[in-house]
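Shown next, in structure tokens, is the structure this report addresses.
Chains as they are written, first to last, in the working numbering: chain A, 40 to 522; chain B, 16 to 114.
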């Protein structure tokens with residue numbers, strides 16, 4: 040066996056190595072050493088993030104074409120890594136709390152394993168490797184959702200998550216088995232593409248594609264497969280909710296693009312264009328309409344993330360390098376904006392245990408900096424001009440309309456109308472913070488150093504990502520290697 | 016080949032029906048296993064009859080069985096937690112969070 044092939048899997052090896060370091064450190068260190076686990080893991084992960092940004096991708100295809108390491112995959116992994124680093128920073132306080140501190144090693148191990156699974160999902164060019172990556176990304180997440188052992192909500196969220204996750208992977212596997220029947224005996228994306236490009240599209244194949252969209256749509260929480268999202272986001276610990284809503288969603292969106300463009304790209308207009316068209320419209324609209332009536336901030340963010348997933352999926356409709364680049368940029372901006380919101384939510388929840396939108400009334404009197412960060416993040420999510428969210432929306436809309444098809448223009452129009460609706464409910468939070476008087480205000484407090492660092496990183500991203508055009512250039516250029 | 020696919024379709028339909036109607040979480044898990052096994056059966060049958068020269072479907076099935084076992088293990092662990100918290104495994108007892 041040629042072990043040199045593993046050299047191409049450098050990002051995965053870094054994460055795996057980090058996992059073993061954390062595992063050994065957690066198992067064999069004494070009480071005094073355990074106190075260092077959180078800072079050591081966070082710093083090492085920061086170094087790993089820098090390493091993954093700096094290492095150039097070798098562009099190799101290894102293991103007979105099962106795994107590829109091109110610059111698009113590497114850029115996506117680097118983006119996810121930044122998100123995970125911010126999640127680690129904002130969860131440091133929660134991890135050290137009395138209830139969780141004894142199990143903090145498990146938290147980091149599970150987190151790194153899911154990240155490893157997402158890396159495999161991104162780089163896989165064979166359905167076997169993809170399924171293994173998908174499952175190792177979603178199964179440990181169920182254990183993480185159940186992490187607050189003393190809280191009933193955590194268990195309820197976990198059982199809802201695991202049952203829907205297994206149901207969706209059963210649907211995905213069934214769809215895949217029908218695809219296998221048409222694939223000429225191979226599960227490589229390239230072989231499937233070559234086999235499907237000749238001849239007609241039988242009904243069973245369209246049915247199989249619908250099953251696959253449903254299976255991956257569960258992970259992305261696209262409507263009509265979104266029913267687990269709100270409950271799981273509300274019940275899970277806030278750090279895990281942040282992780283679920285950005286990292287796992289970003290990885291699934293990228294894998295979705297790769298599968299549907301590389302394996303089923305030739306069936307675009309015949310089979311799945313109209314399916315995704317309907318799913319995107321319903322996702323954006325339902326997510327927005329349900330977000331309006333939420334009072335719990337975590338549920339609110341769940342429906343907001345459903346509608347954001349619809350915007351991310353716009354990139355898939357383009358089937359072009361420009362679309363993938365815009366999608367990656369959108370995910371990057373979504374990572375920083377959403378994590379800024381979750382940083383504020385978790386900072387307030389750690390101090391006071393309050394997560395209701397009414398509890399934020401008059402927050403600017405007591406905690407001006409948190410209010411400021413929250414306002415910027417809401418502006419960015421809604422797409423108000425000087426902030427990054429505006430640029431990511433404008434770029435993904437332009438990439439969709441670049442193909443000059445009337446149907447796609449209508450799709451963008453629906454998305455635009457929904458942007459206005461979303462402005463209403465994002466500004467509800469801003470209104471609660473700055474305008475509502477509030478009788479029982481959250482008292483003034485100073486958050487921990489790690490939380491402040493996470494917030495500064497997010498706010499920096501929100502302000503500068505739109506203005507520094509190099510980041511968008513980087514996304515589009517690295518996306519060009521894939522399509 | 017058709018006669019091998021019929022039981023697979025029946026298993027899948029029974030799994031979906033069971034998942035939608037049963038109230039006990041263990042029964043839900045059994046229904047999910049039925050669905051996963053029907054997908055595995057599909058893979059083996061397609062491999063055996065359509066592509067007898069290759070082994071891709073068989074190998075995929077082996078991995079899928081292992082993954083299904085891991086899924087069941089985690090689901091059982093979470094259901095045990097629910098049983099400790101609520102005292103039964105009825106799906107109607109976990110509806111505190113909705114809308």
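No residue lacks a Cβ here, since even glycine has one placed at the ideal position from N, Cα and C.
Answer yes or no: does any C-beta atom of chain B fall closer than 8 Å to that of residue i?
i	result
residue 247(A)	no
residue 197(A)	yes
residue 265(A)	no
residue 273(A)	yes
residue 234(A)	no
residue 348(A)	no
residue 379(A)	no
residue 224(A)	yes
residue 181(A)	yes
residue 192(A)	yes
residue 298(A)	no
residue 202(A)	yes
residue 138(A)	no
residue 76(A)	no
residue 174(A)	yes
residue 178(A)	yes
residue 253(A)	no
residue 163(A)	no
residue 185(A)	yes
residue 171(A)	yes
residue 149(A)	no
residue 167(A)	yes
Can you tell me where the alpha helix (DSSP H) with residue i in it begins and where it stops?
i	result
residue 37(B)	Neither: residue 37(B) is in no alpha helix (DSSP H) and is coded neither H nor E.
residue 392(A)	First-last for residue 392(A): undefined, no H or E at that position.
residue 232(A)	228-236
residue 39(A)	Beyond the ends of chain A as shown, which are 40 and 522, falls residue 39(A); an answer cannot be given.
residue 50(A)	49-67
residue 87(A)	76-93
residue 520(A)	Run containing residue 520(A): none; DSSP gives neither H nor E here.
residue 268(A)	266-274
residue 424(A)	No alpha helix (DSSP H) contains residue 424(A), which DSSP labels as neither H nor E.
residue 216(A)	191-221
residue 260(A)	Premise fails: residue 260(A) is in no alpha helix (DSSP H) and is neither H nor E.
residue 279(A)	277-282
residue 76(B)	71-101
residue 506(A)	Taken as a continuous stretch (DSSP letters only), residue 506(A) belongs to no alpha helix (DSSP H), as it is neither H nor E.
residue 289(A)	288-297
residue 405(A)	402-405
residue 482(A)	It is not in any alpha helix (DSSP H) - residue 482(A) carries neither H nor E in the DSSP assignment.
residue 71(A)	70-73
Taking only beta-carbon atoms, is residue i less than 8 Å away from chain A?
i	result
residue 21(B)	no
residue 17(B)	no
residue 119(B)	Because chain B spans 16 through 114 in this model, residue 119(B) falls outside it and cannot be assessed.
residue 33(B)	no
List, in order along the chain, the chain D residues whose C-beta lies closer than 8 Å to that of residue i?
i	result
residue 270(A)	Note that chain D does not occur in the displayed structure, where the protein chains are A and B.
Could you name the residues of the stretch 204-219 of chain A whose beta carbon sits closer than 9 Å to any beta carbon of chain B, in the order they occur along the chain?
Cβ contacts with chain B come from 204, 205, 206, 208, 209, 210, 211, 212, 213, 214, 215, 216, 217 and 219.
Jot down the residue ranges of each uninterrupted alpha helix (DSSP H) in the stretch 113-182 of chain A, minimum 4 residues, whole runs only, in chain order.
With a minimum length of 4 residues, the continuous alpha helix (DSSP H) runs that stay inside the stretch 113-182 of chain A are 137-140 and 143-162.
For the stretch 77-111 of chain B, which residues have a beta carbon sitting closer than 7 Å to at least one beta carbon of chain A?
Those residues of the stretch 77-111 of chain B that come within reach of chain A (Cβ to Cβ, closer than 7 Å) are 78, 79, 82, 85, 86, 89, 90, 93, 94, 96, 97, 100, 109 and 111.
Taking one C-beta from the stretch 372-381 of chain A and one from the stretch 275-295 of chain A each time, how about it: are there three or more such pairs within less than 8 Å?
Enough Cβ pairs lie closer than 8 Å, so yes.
The stretch 385-408 of chain A: which residues have C-beta closer than 9 Å to a C-beta of chain B, in chain order?
Answer set for the stretch 385-408 of chain A: empty.
When you check each C-beta in the stretch 49-62 of chain B against every C-beta of chain A, which residues fall closer than 8 Å?
Within the stretch 49-62 of chain B, the qualifying residues are 50, 51, 53, 54, 55, 57, 58, 61 and 62.
Pick out the complete alpha helix (DSSP H) segments inside the stretch 305-388 of chain A, 4 residues or longer, and give them in chain order.
The stretch 305-388 of chain A contains these whole alpha helix (DSSP H) runs: 312-331 and 336-357.
Please determine if the stretch 345-359 of chain A and the stretch 431-439 of chain A are in contact, where contact requires at least 3 C-beta pairs separated by less than 8 Å.
With a cut-off of 8 Å, the stretch 431-439 of chain A and the stretch 345-359 of chain A count as touching, because enough Cβ pairs lie within range.
Is the stretch 498-513 of chain A close to the stretch 42-58 of chain B, with three or more CB pairs under 8 Å?
The stretch 498-513 of chain A is not in contact with the stretch 42-58 of chain B.
Specify whether the stretch 179-199 of chain A and the stretch 289-304 of chain A touch according to this definition: at least 3 beta carbon pairs, one from each stretch, less than 8 Å apart.
Short answer: they don't touch.
The stretch 151-163 of chain A contacting the stretch 130-141 of chain A, beta-carbon criterion three pairs below 8 Å
Between the stretch 151-163 of chain A and the stretch 130-141 of chain A there are fewer than three C-beta pairs closer than 8 Å, too few to call the two in contact.
Cβ contact check for the stretch 259-267 of chain A and the stretch 354-365 of chain A: 3 or more pairs under 8 Å:
With a cut-off of 8 Å on Cβ pairs, the stretch 259-267 of chain A is not in contact with the stretch 354-365 of chain A, counting fewer than three such pairs.
Across the stretch 462-472 of chain A and the stretch 325-336 of chain A, are there enough close Cβ pairs to call them in contact, namely three or more that are closer than 8 Å?
Short answer: they touch.
For the stretch 350-366 of chain A, enumerate the residues whose C-beta is nearer than 7 Å to any C-beta of chain B, in chain order.
Of all residues in the stretch 350-366 of chain A, none has a Cβ within less than 7 Å of some Cβ in chain B.
Do the stretch 307-326 of chain A and the stretch 254-264 of chain A meet, that is, are 3 or more Cβ pairs less than 8 Å apart?
Result yes; three or more Cβ-Cβ pairs closer than 8 Å.
For the pair the stretch 220-234 of chain A and the stretch 292-308 of chain A, tell me if three or more CB-CB distances fall below 8 Å.
At 8 Å Cβ cutoff, the stretches touch.
Please list, in chain order, the residues of the stretch 75-97 of chain A that have any C-beta partner in chain B closer than 8 Å.
Cβ contacts with chain B: none found.
Contact between the stretch 387-399 of chain A and the stretch 34-44 of chain B is defined here as three or more beta-carbon pairs at a separation below 8 Å; is this criterion met?
Taking one beta carbon from each stretch, the stretch 387-399 of chain A and the stretch 34-44 of chain B have fewer than 3 pairs nearer than 8 Å; the two do not touch.
Would you say the stretch 199-212 of chain A touches the stretch 85-102 of chain B, given that touching needs at least three Cβ pairs under 8 Å?
A contact is defined here as three or more CB-CB pairs under 8 Å, and the stretch 199-212 of chain A meets this definition with respect to the stretch 85-102 of chain B.
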